[in-house]
Amino acid sequence: MIIESPYLAVAFYKYVHIEEADVFAVKHLKYCQRLGIFGRIIVADEGINGQLSGTPELCEQYMKDLVSDPRFEGTDFKIDGVDRQAFSKMHVRYKPEIVHSGLKDIDPSIRTGGHLKASEFKELKNKEDVLILDVRSNYEHHIGRFKGAKTLDIENFRDFPDKLDELEEYKNKTIVTYCTGGIKCEKASAFLLENGFKDVYQLDGGILKYAKEGGGEDFEGKCYVFDGRVVIDVNTVNPVLVSTCIHCGTPSARMINCVNELCNEQIVMCEGCGWEWNGACSEACKTETTRAYNGTGYYTK
Numbered sequence: 008m009i010i011e012s013p014y015l016a017v018a019f020y021k022y023v024h025i026e027e028a029d030v031f032a033v034k035h036l037k038y039c040q041r042l043g044i045f046g047r048i049i050v051a052d053e054g055i056n057g058q059l060s061g062t063p064e065l066c067e068q069y070m071k072d073l074v075s076d077p078r079f080e081g082t083d084f085k086i087d088g089v090d091r092q093a094f095s096k097m098h099v100r101y102k103p104e105i106v107h108s109g110l111k112d113i114d115p116s117i118r119t120g121g122h123l124k125a126s127e128f129k130e131l132k133n134k135e136d137v138l139i140l141d142v143r144s145n146y147e148h149h150i151g152r153f154k155g156a157k158t159l160d161i162e163n164f165r166d167f168p169d170k171l172d173e174l175e176e177y178k179n180k181t182i183v184t185y186c187t188g189g190i191k192c193e194k195a196s197a198f199l200l201e202n203g204f205k206d207v208y209q210l211d212g213g214i215l216k217y218a219k220e221g222g223g224e225d226f227e228g229k230c231y232v233f234d235g236r237v238v239i240d241v242n243t244v245n246p247v248l249v250s251t252c253i254h255c256g257t258p259s260a261r262m263i264n265c266v267n268e269l270c271n272e273q274i275v276m277c278e279g280c281g282w283e284w285n286g287a288c289s290e291a292c293k294t295e296t297t298r299a300y301n302g303t304g305y306y307t308k
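So for the sequence shown, my numbering puts the first residue at 8; every next one is plus one.
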């Protein structure tokens, strides 16, 4: 791996049973702290899900150490070079699921939708009998999505199962799900198979891997990521901007959190409106704000 950047941003997941996952999470946090890496890792009985940042040397050491554990052998890492640390702290937490879906009875390590490589996805995505399905939340697909993809009005991935009725009309189509790094698609595609959908696939490694292998072709807009970068460019083939400022309507991909901590909604706001509205999504939030606008709209807890 040769990436000429001072730091790396690394995303990964693995569905695999972890004995005493709560104990593993405590030990893993201590290991990460000793190593000197930053990020956010979720550990559950069903596996591990992480986003990390650090120097190339530290990230390479972490990845080497992780896959040396037989449980995590074959873990697929999505790696980007970045100019600064993508995280400022290190968190490792034990949770019921590695991505909150409410589908704890579904085990993607047993059954999930077939994984499509970038080249295979390109062949399928424009066919009439194929539905490209975005399983991400509203704030993610508002900033960017694949051309012609079906998006769902969901605030969180746990709302995905409630959209089953909306997808019934596509039961006879080939369905290809996609998300940021692939983890949501593992359960989303498995859930569709469990509910009688016959021909279900997923974009292997999600948007991030497709950007590396397929140039991000036909992904319109920017990709939301779960680190300090917030949004990134992924399309080097035919990029377009699809998002607009919530206040003035001008094209923008500047994603911020509303300045009112009690709202904290993620919205698109151009820099000019950011200062004019003091980072607020509405007059109410501008008046009732609980924190000062910092010029970036990105706030650490």
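For every residue, glycine included, the Cβ atom is placed at its ideal position computed from N, Cα and C.
When beta bridges are read from the DSSP output, K96 appears opposite no residue.
Take I239, set aside five residues on each side of it, and the residues of its chain with a beta-carbon closer than 6 Å to its own are C230, V232, in chain order.
Per DSSP, the beta-bridge partners of H122 are Q209. If you draw a 10 Å sphere on the C-beta of L248, you find fewer than 16 other C-beta atoms in it, and that means exposed. Bridge pairing for E227: R152 [DSSP].
Taking a 10 Å sphere around the C-beta of K194, we find 16 or more other C-beta atoms and assign the residue as buried. DSSP places S60 in no alpha helix (DSSP H) but in the uninterrupted beta strand (DSSP E) bounded by 54–61.
With three or more CB-CB distances shorter than 8 Å, the stretch 19–27 counts as touching the stretch 51–66. Assigned with DSSP and collapsed to three states, T294 falls in helix. Annotation for N245: E224, D225 place their beta carbon closer than 8 Å to its own, counting only its chain and skipping 5 residues before and after.
Along the length of the stretch 155–223, whole beta strand (DSSP E) runs at least 3 residues long occupy 181–185, 207–210, reported in chain order. G221 and T257 have their alpha carbons spaced roughly 29 Å apart. Y305 sits exposed, since fewer than 16 C-beta atoms from the chains shown fall within 10 Å of its C-beta. Every alpha helix (DSSP H) stretch that sits fully inside the stretch 251–305 and reaches 4 residues is listed by chain position as 278–283, 290–294. Cβ-Cβ distances below 8 Å link N242 to A218, G222, G223, E224, D225, F226, E227 in the same chain, with the five nearest sequence neighbours on each side left out; the list follows chain order.
Residue pairing from DSSP places V137 in a beta bridge opposite T181. At a Cβ-Cβ threshold of 8 Å, I263 and G286 count as neighbours.
Apart from the 5 residues on each side of it in sequence, L269 sits with its Cβ closer than 7 Å to the Cβ of T297 in its chain, given in chain order. Membership of V50 in any alpha helix (DSSP H) is not indicated; the residue belongs instead to the beta strand (DSSP E) covering 45–51. Beta-bridge partners of A18 (DSSP): Q58, K85. In chain order, L42, G43, I44 place their CB closer than 8 Å to the CB of L65, counting only its own chain and leaving out the 5 sequence neighbours on each side.
Looking from the CA of H254, the closest CA among S12, M276, Y146 belongs to M276.
In this structure, the beta-carbon distance from K34 to F79 does not fall below 8 Å. Straight-line measurement puts the Cα of D211 at about 38 Å from the Cα of G279.
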